[in-house]
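Asks:
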Amino acid sequence: MASDDYTTQPILNRAFYGFFFMTIHVHLLGDCHLRIWGLTPRQRLERMLRGYPEAQLAEPGQPLPASGEVLLLRADYIYDDRVLQGLMSAKRVALQDPRDGTVVAARADASHWDHEPRLEGAALEGLTLVQPETVAEGLQS
234 MASDDYTTQP ILNRAFYGFF FMTIHVHLLG DCHLRIWGLT PRQRLERMLR
284 GYPEAQLAEP GQPLPASGEV LLLRADYIYD DRVLQGLMSA KRVALQDPRD
334 GTVVAARADA SHWDHEPRLE GAALEGLTLV QPETVAEGLQ S
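Quick note on this note's numbering: the sequence shown kicks off at 234 and runs consecutively.
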């Protein structure tokens, strides 16, 4: 294991990271049993999120937090690392699939969700609709 891997750091170092980063509660919505490169969607996201010390992947069925930032991700969608990075830094956005406009991810304050982790209907009101290239583009200088 790499010494710079966040998951291998001692608990005190994790507390240090938490001091500098606001926790983003990541919730995976839906279910997908399709394995790509031998990994489930959850396993892929766990790997990708290791580079984000502020990300905390919720367990299946875990309720939304009462406060803090929340990122909802559909389990049946594959996220490019640059898009995920953009979602981690964006605020109050809903990511649309460019093929059909379906919302596949959203980021907002926990109070926005009213304890309902949904990517449709009234839950999306007040969020800016973005495309993958728009979110990733925001990272380019």
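From the three backbone atoms N, C-alpha and C, an ideal C-beta is built for every residue, glycine too.
1. Suppose you measure from the CA of C265 to the CA of H345; what does that come to, to the nearest Å?
2. Out of E349, Q364 and D333, which one is the CA nearest neighbour of A299?
3. Leaving out five residues before and five after Q289 in sequence, what residues of the same chain have Cβ atoms less than 8 Å from its Cβ?
4. Give the single residue among A327, Y285, G301 and G284 whose Cα lies nearest to the Cα of V340.
5. Please list the terminal residues of the continuous alpha helix (DSSP H) segment that includes D347.
6. Of all the options P274, E366 and L262, which has the alpha carbon lying nearest to the alpha carbon of Q318?
7. Alpha carbon to alpha carbon, how far is D309 from A356? Give it in angstroms, no decimals.
8. Could you compute how far the alpha carbon of A323 sits from the alpha carbon of R283?
9. Could you spell out where the beta strand (DSSP E) holding L362 opens and where it closes?
10. For E292, which residues in the same chain have their Cβ closer than 7 Å to its Cβ, ignoring the five residues on either side in sequence?
11. Give me whichever residues DSSP pairs with D342 in a beta bridge.
12. Please work out which residues of its chain come closer than 7 Å, Cβ to Cβ, to G263, disregarding the five sequence neighbours upstream and downstream, and give them in chain order.
13. Could you have a look at N246 and say whether DSSP puts it in helix, strand or coil?
Replies: On the basis of the supplied data:
1. 26 Å
2. E349
3. T256, I257, H258 and V259
4. Looking at the sequence provided, one finds Arg at residue 340 rather than Val. Here the closest residue by C-alpha is A327.
5. Note, D347: premise wrong, no alpha helix (DSSP H); not H, not E.
6. E366
7. 19 Å
8. 18 Å
9. T361 to V363
10. none
11. E302
12. R307, A308 and D309
13. Confidence at N246 is low in this model, with a pLDDT of 43, below 50, so its placement is unreliable and the value that follows should be read with caution. Helix at N246.
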